[in-house]
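K.L.:
Would you mind keeping the following structure in view while I ask a few things?
Number of protein chains: 2
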Amino acid sequence: MPMDSVKILGGGREVGRAAIEVSKGDSAIILDYGVNFDQNDNPNLPLQETPNRVKGFVVSHSHLDHVGSLPLYQISGSYPVFGTMMTKLITELMLKDFLKLSGARLPFEWMEVKRTMDNFRTVNYYQEFEIDTFKVELGNAGHIPGSSMIKVKTDKHNIVYTGDTNVINTKLVGPADLNFLSDADVLVIESTYGKYNHPKREEVEEEFYNSVREVVEGGGVVLVPSFSLARSQEILALLADKKFDYPVYYDGMVKEITELMIQNPEFINNYDALKRAHKFYRYVNGWNDRNKAIKGEGAIVSSAGMLKGGPAVYYFKKIAESPRNGVFLVSYQAENTPGRRLLETGKFDEYSPMLKARFQIFDFSSHAGKSQLLEMIKSSKKLEKVILVHGDPSSSSALANEIKEKIGVDVEVPENGKEINL
Amino acid sequence: MPMDSVKILGGGREVGRAAIEVSKGDSAIILDYGVNFDQNDNPNLPLQETPNRVKGFVVSHSHLDHVGSLPLYQISGSYPVFGTMMTKLITELMLKDFLKLSGARLPFEWMEVKRTMDNFRTVNYYQEFEIDTFKVELGNAGHIPGSSMIKVKTDKHNIVYTGDTNVINTKLVGPADLNFLSDADVLVIESTYGKYNHPKREEVEEEFYNSVREVVEGGGVVLVPSFSLARSQEILALLADKKFDYPVYYDGMVKEITELMIQNPEFINNYDALKRAHKFYRYVNGWNDRNKAIKGEGAIVSSAGMLKGGPAVYYFKKIAESPRNGVFLVSYQAENTPGRRLLETGKFDEYSPMLKARFQIFDFSSHAGKSQLLEMIKSSKKLEKVILVHGDPSSSSALANEIKEKIGVDVEVPENGKEINL
């Protein structure tokens, strides 16, 4: 009988570009097929598997680093892609936006994006489906709305890939379903925060809300640069839930994504809060609104979360120089982004104004922290092997050491291209 | 005739732990012998060369990542160490402090530090000296007071190692001497900022001064977490030069180092400013002073620059929660430091208070930026080979590409252990 194996096509010893192949003999499925970017903003695609071995794709969630390269396989073939309804709807927006921004540097075009979406088949959580001889099931991953852990059942193994995952209640998503992990014998788990724990979300929420209120009550406007997908909605829902009744504006692709979430309540943890935000807060519609928003007193939630373009850059330039205002970061600022430059030098580019506004940083991470990852691993009662992916090498290897010491299960931190026989 | 070679013992594709061996047949000298730290704070020493080949050491400057491992060679042998007077005096303080903090994890002790200092021979800039058959000369590197570029002359080559270097006028040091590079045919150059340029120092100085003044005039106190060596003195000299006449306190090892600089005026660019700071600003002497300092209105310059212990942590906890105060970062915040945690999550550790004080970041880098490094390389008129060290891999390789494209000279980014025959 052919042996099962897991091969890392992307996300090995790196963050992003997730792509995990599960094989049985000459048949394979690929879990996620994402992209990340080099320092010159060129897209890095995952490794490729011989097309005729691949029977289909399953995607954990709609972030580009998990779905961005899906169209590559639709150039000369036609492959089914499975995921939740929420994932499908947002993936379509994300891929179109990706094409718009990076199209010239991509090996695929609009037609392949369309085929990806045509081949997308939605499945519900806990509804088993088949791809070739693989049995597959999704469970809530707690990362963003629609995010899934993926369980692949072969004759011999239950392989669970967590995708990106979190185990806490946020306004937007509930915690990952740890029961889903109980029968896994192989766990492929993300390790973005293999070194650190996060502060308690309720405390961060409280501090954030109080800080926004203080600035606004002092006559200022608060800019919250934020990813359009999920982080923005969480911030909006949080403010709405706290009954923050000053003007709140949101700008960028956040609008379309919020609409999709409003139409799919079953994927939202505190739907009332998001609905309230959608009802009372105001989408910025053109330059008139934009100029009204910066007049304060109020809050502006706008992409890009790392100040890599988007209306947030405009707002920043307008409001940063006044100490009355606030600039509150709620997203991780990756290497080679203007946001990281801001943190390192106080300026996000050459023309950046001086930041005199109240400047605060809040940890609204949607990834499990170190102890939480260890808890997740302990939830798998039959575990034989842990494979750490989606973490920078120092983070993953720190976590690997903790797993060996504290849980004592076999653990690997494979490079891209590594095939692990089960 | 034996061939000359350069071997990278440390600082290859990494920042810190600088150690460059220059060999001629079976005779060698080592330029810098530093240390850096892993994520658990364990010291990483450079590679070692067979002791009987080594004829002596030359050090570029007194930062631990350039001198921290010198005592290793004094365990069973006795080797001369050459450097400027300023470098010698500060190296002694740094090594003693290093022993105090990390002694238990080091393979050497007080006796070896003492022997290192006993064997330290001071040389002036541009005063040629000999080690075995090597002719050596130092030139101003512009990084910190006493910092040197090191020129090694063999029969066939002029090899210049820049150490850490900068090419601008700051209050504390003048620019690196580019003429010193003109006859180099091999250039071993740092590449910390191979990707970015820095903002103009005068503008940063102006912004910093104005920001401090604004906070203090509003009744607040400004904490400037800062390295005891050089960055603190630059900040103090800057405030003094601008005639900032509110109370300024300085705390930590900054005192001893400032005294050494005051005693060696020839190494200080704007000596009057530093002297003024030394005269009018106040060293914190115990807890009474510390509690007086946080009452404002004034500024506190205190180690550690990355909030890794030191009085800065105490001050931070006391002043961070009031929006009237300021926390101004003036140092790079390295990976795995509390300062970096602060930038990523808004808290520097679990017990960190909420940072509501005005929070600003200023780029007072003492390393040349990308364009400046390229200018330096162009100053070498006979250049045959550039060897990039002391940079993280992405920074060094970005710079290597620019050098190939724009200057067209042979360039390498060697790993530790790599020997390059000239």
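Chains as they are written, first to last, in my numbering: chain C, 9 to 430; chain S, 9 to 430.
Even glycine gets a Cβ: it sits at the ideal position worked out from N, Cα and C.
Everything numeric in this text was worked out from a predicted model, so none of it was measured.
(1) Closest Cβ-Cβ distance between residue 366/S and chain C: below 8 Å?
(2) Leaving out five residues before and five after residue 72/C in sequence, what residues of the same chain have Cβ atoms less than 7 Å from its Cβ?
(3) Which value, in whole angstroms, describes the spacing of the CA atoms of residue 137/C and residue 288/C?
(4) Does residue 321/C come out as helix, strand or coil in the three-state DSSP assignment?
(5) Could you confirm whether any beta carbon from chain C is found closer than 8 Å to the beta carbon of residue 340/S?
(6) How is residue 434/S classed by DSSP in three states: helix, strand or coil?
(7) Using beta carbons (cut-off 8 Å, strictly below), is residue 355/C in contact with chain S?
(8) Residues in the region 215-229 of chain C with C-beta within 8 Å of chain S's C-beta atoms, listed in sequence order?
(9) Check the C-beta distance from residue 406/S over to residue 341/C and give it rounded, since I have them as a contact under 8 Å.
(10) Below 7 Å on C-beta distance, what does residue 172/S contact in chain C?
(11) When you compare the region 231-247 of chain S with the region 391-407 of chain S, are there three or more beta-carbon pairs, one atom per stretch, that lie closer than 8 Å?
(12) If you check the beta carbons only, do residue 377/S and residue 201/S fall under 8 Å apart?
(13) Find out if the Cβ-Cβ distance for the pair residue 267/C, residue 16/C is shorter than 8 Å.
(14) Chain S partners of residue 207/C, CB-CB under 8 Å?
(15) Can you confirm whether residue 176/C, when its beta carbon is compared against all beta carbons of chain S, has any partner nearer than 8 Å?
(16) What does a CB cutoff of less than 6 Å around residue 31/S pick up in its chain, not counting 5 residues either side in sequence?
(17) When you compare each of 370/S, 276/S, 64/S to residue 143/S by their alpha carbons, which one comes out closest?
(18) Going by beta carbon distance, what residues of the same chain come within less than 8 Å of residue 331/C, once the five residues before and after it are set aside?
(19) Reducing DSSP to helix, strand and coil, say where residue 307/S ends up.
(20) Given residue 209/C, which residues of its chain have a CB within under 8 Å of its CB, disregarding the five upstream and five downstream residues?
(21) For the region 47-73 of chain C, enumerate the residues whose C-beta is nearer than 8 Å to any C-beta of chain S, in chain order.
(22) With residue 173/S as the anchor, note down where its alpha helix (DSSP H) starts and where it stops.
(23) So if I threshold CB-CB distances at 7 Å, which residues from the region 365-393 of chain C count as touching chain S?
(24) Taking the alpha-carbon positions, what's the residue 233/S to residue 391/S distance?
(25) Can you name, in chain order, every residue of its own chain whose Cβ lies under 8 Å from the Cβ of residue 120/S, other than the five neighbours on each side?
(26) Establish whether the CB of residue 238/C and some CB of chain S are separated by less than 8 Å.
(27) Shortest alpha-carbon distance to residue 252/C belongs to which of 280/C, 217/C, 282/C?
(28) Is it true that the CB of residue 292/C sits closer than 8 Å to the CB of residue 258/C?
(29) Since residue 406/C meets chain S, which of its residues come closer than 8 Å, beta carbon to beta carbon?
(30) Ends of the alpha helix (DSSP H) at residue 213/S?
(31) Quick check: what's the CA-CA separation for residue 348/S versus residue 355/C?
(32) Kindly give me the distance between the Cβ atoms of residue 154/S and residue 92/S, rounded to whole angstroms, as I take these residues to be in contact under 8 Å.
(33) Rounded to the nearest angstrom, what separates residue 262/S and residue 242/S at their Cα positions?
(34) What residues in its chain sit with their C-beta under 8 Å from that of residue 339/C, if we drop five residues either side in the sequence?
(35) Any beta carbon from chain C within less than 8 Å of residue 316/S's own beta carbon?
(36) Short of 8 Å in beta carbon distance, which residues of its chain neighbour residue 227/S, apart from the five on each side in sequence? Order them along the chain.
P.N.:
Quick look at the numbers:
(1) Here the question's residue 366/S lines up with position 358 in the second sequence. Chain C contact via Cβ: present.
(2) Your numbering for residue 72/C matches position 64 in the first sequence. Correct list, in chain order: 42, 43, 102, 106.
(3) Looking up residue 137/C in the first sequence gives position 129. Looking up residue 288/C in the first sequence gives position 280. Residue 137/C and residue 288/C: Cα-Cα distance of roughly 40 Å.
(4) Along the first sequence, read from residue 1 onward, the residue named residue 321/C stands at position 313. In the three-state reduction of the DSSP assignment, residue 321/C falls in the helix class.
(5) Residue numbering aside, residue 340/S sits at position 332 when the second sequence is read from its first letter. Output row for residue 340/S: interface = yes.
(6) The question about residue 434/S has no answer here: the residues shown for chain S are numbered 9 through 430.
(7) Position 347 of the first sequence, counted from the start, is the residue given in the question as residue 355/C. It does: the Cβ of residue 355/C has a partner Cβ on chain S nearer than 8 Å.
(8) 215, 219, 222
(9) To locate residue 406/S, count along the second sequence from 1; it is residue 398. To locate residue 341/C, count along the first sequence from 1; it is residue 333. At roughly 19 Å, the Cβ-Cβ gap does not stay under 8 Å, so residue 406/S and residue 341/C are not in contact.
(10) Taking the first residue of the second sequence as 1, we reach residue 172/S at position 164. Residues of chain C passing the Cβ test: none, with the nearest at roughly 17 Å.
(11) no
(12) Against the second sequence, residue 377/S aligns to sequence position 369. Against the second sequence, residue 201/S aligns to sequence position 193. Judged by their CB atoms, residue 377/S and residue 201/S are nearer to each other than the 8 Å cut-off.
(13) Within the first sequence, numbered from 1, the residue matching residue 267/C stands at position 259. Within the first sequence, numbered from 1, the residue matching residue 16/C stands at position 8. No, they are not a contact pair.
(14) To locate residue 207/C, count along the first sequence from 1; it is residue 199. The contacting residues are 353, 355, 358.
(15) What you label residue 176/C is simply residue 168 of the first sequence in a count that begins at 1. Judged by the 8 Å Cβ criterion, residue 176/C is not in contact with chain S.
(16) One-based indexing of the second sequence puts residue 31/S at position 23. Result list for residue 31/S: 13, in chain order.
(17) For the purposes of this step, residue 143/S is taken as residue 135 along the second sequence, with counting starting at 1. Residue 64/S is the option with its Cα nearest to residue 143/S.
(18) For this step, residue 331/C is matched to residue 323 along the first sequence. Answer for residue 331/C: 364, 365, 366, listed in chain order.
(19) To locate residue 307/S, count along the second sequence from 1; it is residue 299. Of the three classes helix, strand and coil, the one that applies to residue 307/S here is strand, per DSSP.
(20) On the first sequence, position 201 is the one that residue 209/C refers to. For residue 209/C, where only same-chain residues beyond five positions count, the Cβ hits under 8 Å are 176, 177, 178, 372.
(21) 47
(22) As a first step, residue 173/S is located in the second sequence; it is residue number 165 there, counting from the start. Per DSSP, residue 173/S belongs to no alpha helix (DSSP H) and is neither H nor E.
(23) 366, 367, 368, 369, 370, 371
(24) Position 225 of the second sequence, counted from the start, is the residue given in the question as residue 233/S. Position 383 of the second sequence, counted from the start, is the residue given in the question as residue 391/S. The straight-line gap from Cα to Cα measures roughly 40 Å.
(25) Looking up residue 120/S in the second sequence gives position 112. So the list reads 79, 80, 82, 83, once near-sequence residues are dropped.
(26) For the purposes of this step, residue 238/C is taken as residue 230 along the first sequence, with counting starting at 1. No, residue 238/C lies away from the interface with chain S (no Cβ there is under 8 Å from its Cβ).
(27) Here residue 252/C is taken as the residue at index 244 of the first sequence, counted from 1. Residue 217/C is the option with its Cα nearest to residue 252/C.
(28) Here residue 258/C refers to the residue found at position 250 of the first sequence. Here residue 292/C refers to the residue found at position 284 of the first sequence. Yes, these two residues count as a Cβ contact at 8 Å.
(29) Here residue 406/C corresponds to residue number 398 of the first sequence, with the count starting at 1. The contacting residues are 47.
(30) As a position in the second sequence, residue 213/S is number 205, starting the count at 1. 209-225 is the extent of the alpha helix (DSSP H) around residue 213/S.
(31) Position 340 of the second sequence, counted from the first residue, corresponds to residue 348/S. Position 347 of the first sequence, counted from the first residue, corresponds to residue 355/C. When rounded, the distance between both Cα atoms is 16 Å.
(32) Locating residue 154/S in the second sequence gives position 146, counting from the first residue. Locating residue 92/S in the second sequence gives position 84, counting from the first residue. The pair is a contact, with the Cβ atoms about 4 Å apart (cut-off 8 Å).
(33) Looking up residue 262/S in the second sequence gives position 254. Looking up residue 242/S in the second sequence gives position 234. If I take the Cα positions, the gap works out to 11 Å.
(34) On the first sequence, residue 339/C is found 331 positions in, with the first residue counted as 1. Hits under 8 Å: 233, 234, 235, 239, 313, 314, 347, 372.
(35) To locate residue 316/S, count along the second sequence from 1; it is residue 308. No, because no Cβ of chain C sits closer than 8 Å to the Cβ of residue 316/S.
(36) Numbered from its first residue, the second sequence carries residue 227/S at position 219. 304, 305, 332, listed in sequence order.
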